[in-house]
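Below is one structure, written out as structure tokens; comments come after it.
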Amino acid sequence: MTEHKATGIQATDRVARRGFLVGGAALLAAGCTSNEPSTAPGSAAPAPAPAASGNDQPGTKVVIGFSAPAADHGWIAAIAKNAEATAKQYTDVEFKPVEPTNDINQQISAVESLIAAKVGALVILPNDGQQLNQVARQATDAGIPVINLDRVFPDKLAYRTWIGGDNYGMGVAAGHFIGKQLKDKGVTNPVIVEIQGIATLPLTQDRSKGFADALKTYGFSVTAKQDAKFTVETGNQVAASLLQAHKKIDALWNHDDDQGVGVLAAIKEAGRNEFVMVGGAGSLNAMKEIQSGSSVLQATVTYSPTMASSAIKLARLIAQGKGMSDLVENQVPQSITLASETITKENVEKYLPLGFES
């Protein structure tokens, strides 16, 4: 289960985000996202490569309904943009999004409107999988295949296919990067700090467990961890607190690149650079920091909103009765967990087109 972001980020945080980006002078390089396929950094979704089986050739027309939370921060905004951009790449797809919202009842009503419209497939990123499970089940019972994006519905009869990221894998990837860096430097007894998202969420617990398990293989453990709230403001506050509490740090893992804007601001304000930092999600801002080679941020582990592009592709294939061209099976799998990849200075160029703006 993945609930990547806390819903309802307040306007004050959006103001804070702009303050860190502008008032912090050269804090982070700015990026942009686009709804049109492009090779430029920050594009919403790269154009599909031709499939060996001809899956990308025009077929039966499909109306794909789409519902997601309000795009009030970088990752969710990129989800919506990627979905729309990918739908536009196909002449046989009509994209039918409903108004994004962070209100559970409004999202239920919006999905019900798509069911009533008898769309060919539904892509749903629910605000809460548990609370939207019943309406997703209504869709499948009505014969509409549901592609469950990221935050999973507890009832497997509520969706045809789930696609999302690997939270545990994010922690493992971050732990291995940090563990190897410290081992190569001959560091013993390292001070390793961790800035989580929301501690009570299963996704955060999965990320922390993966991190701890990977560090254990190097004989290391987390010295201190503190949770933020996936926002710039809380990232800044938590980082400032940890920096004050630990006069020397060897490594820091921040779970989320959106809140990482505030984390980096606190680090620069404190004038600290003695440690290696790893981010999480794969924002364009984080990639630019990594690319610069002059930042403590040396890597980020992906939880990419490109999963929305893949969800649209899967919805189209399922509605057209097609399978995935590189698999032997005739049908699209029931569950797809995306790997968490590690972006470093050595490979950042190939990931830039997939980055999203924090």
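Residue numbering for the sequence shown follows full-length UniProt numbering, beginning at 1 and increasing consecutively. Don't be surprised by glycine CBs; every beta carbon is placed ideally from N, CA and C.
query                                                                                                                  : result
Sub-8 Å separation of A136 and I147 beta-carbons                                                                       : no
CB contact flag (G260, F211, <8 Å)                                                                                     : no
Spatial neighbours of residue 362 in its chain, beta-carbon cut-off 6 Å, leaving aside the 5 residues before and after : In this structure the chain extends from 1 to 358, so residue 362 is not present and cannot be described.
Proximity below 8 Å, CB of V191 to CB of D250                                                                          : yes
Buried or exposed (CB count within 10 angstroms, at least 16 for buried), L27                                          : Any answer about L27 is weak, because its pLDDT of 34 lies below 50 and its placement is not dependable; what the coordinates show is given next. L27 should be labelled buried.
Classification of S340 by the beta-carbon crowding that lies within 10 angstroms, buried from 16 upward                : buried
CB-CB length for G262 against N285, believed under 8 Å                                                                 : Their Cβ separation, rounded to whole angstroms, is 12 Å, which puts G262 and N285 out of contact at 8 Å.
Identity of the residue in A117, E194, S283, A281 nearest S241 by Cα                                                   : E194
Helix, strand or coil at residue 361 according to DSSP, with G and I counted as helix                                  : Within the shown structure, residues of the chain are numbered from 1 to 358, placing residue 361 beyond reach of any answer.
Secondary structure of A198, DSSP reduced to three states                                                              : Before going further, note that residue 198 is Ile rather than Ala in the sequence given. Residue state, collapsed to three classes: coil.
Euclidean distance between Cα positions of Q226 and S335                                                               : 32 Å
Burial state of V232 (16 or more Cβ within 10 Å)                                                                       : buried
Nearest-angstrom Cα separation, counted from V301 out to P48                                                           : Below a pLDDT of 50, predicted positions are generally treated as unreliable, and P48, at 47, falls in that range; the measurement from the model is reported next regardless. Between P48 and V301, the C-alpha separation is close to 23 Å.
8 Å Cβ shell around residue 387 - same chain, five flanking residues per side excluded                                 : The question about residue 387 has no answer here: the residues shown for the chain are numbered 1 through 358.
E289 CB to nearest heavy atom of the ligand COA below 7 Å                                                              : Although the ligand COA was asked about, the structure shown includes no ligands whatsoever.
Cβ shell of I64 (< 8 Å), same chain only, five flanking positions each side left out                                   : A87, V93, E94, F95, K96, V119, G120, A121, L122, V123, I312, A315, R316, A319
For A299, the residue or residues it bridges with in DSSP                                                              : V278, T344
Within 8 Å, strictly: CB atoms of T280 and S304                                                                        : Going by the sequence as given, residue 280 is Gly instead of Thr. No, Cβ-Cβ distance for G280 and S304 is not below 8 Å.
Complete beta strand (DSSP E) runs within the stretch 219-250 (minimum length 3 residues, chain order)                 : 224-227
Contacting residues, own chain, Cβ-Cβ under 7 Å from D166 (five flanking each side not counted)                        : T337, L338, A339, S340
Own chain residues within Cβ distance below 7 Å of F275, not counting five before or after                             : I249, D250, A251, L252, V296
Neighbourhood of Q131 by C-beta distance below 6 Å, restricted to the same chain and skipping five residues each side  : I104
7 Å CB neighbourhood of A308 in its chain, flanking five on each side removed                                          : I79, N82, A83, L149
N- and C-terminal bounds of the beta strand (DSSP E) containing L149                                                   : 146-149
Helix, strand or coil at L252 [DSSP, three-state]                                                                      : strand
Distance CB(residue 403)-CB(A224) smaller than 8 Å                                                                     : Coverage of the chain is limited to positions 1 through 358, which leaves residue 403 absent and any answer about it impossible.
Candidates S310, L182, G169, of which the one nearest D213 by Cα                                                       : G169
Entirely enclosed beta strand (DSSP E) segments - the stretch 150-196, minimum 3 residues                              : 161-164, 192-196
Nearest-angstrom beta carbon gap, P145 and N102 [assumed within contact, 8 Å]                                          : So it is not a contact: roughly 25 Å between Cβ atoms.
Buried/exposed call for E357, threshold 16 Cβ in 10 Å                                                                  : buried
Residues bridged to P97 (per DSSP)                                                                                     : F66
Identified DSSP bridge partners for T337                                                                               : G164
Residue burial classification, residue 442 (beta-carbon count within 10 angstroms, cutoff 16)                          : Residue 442 cannot be examined here, being either before or after the span of the chain that is shown, 1 to 358.
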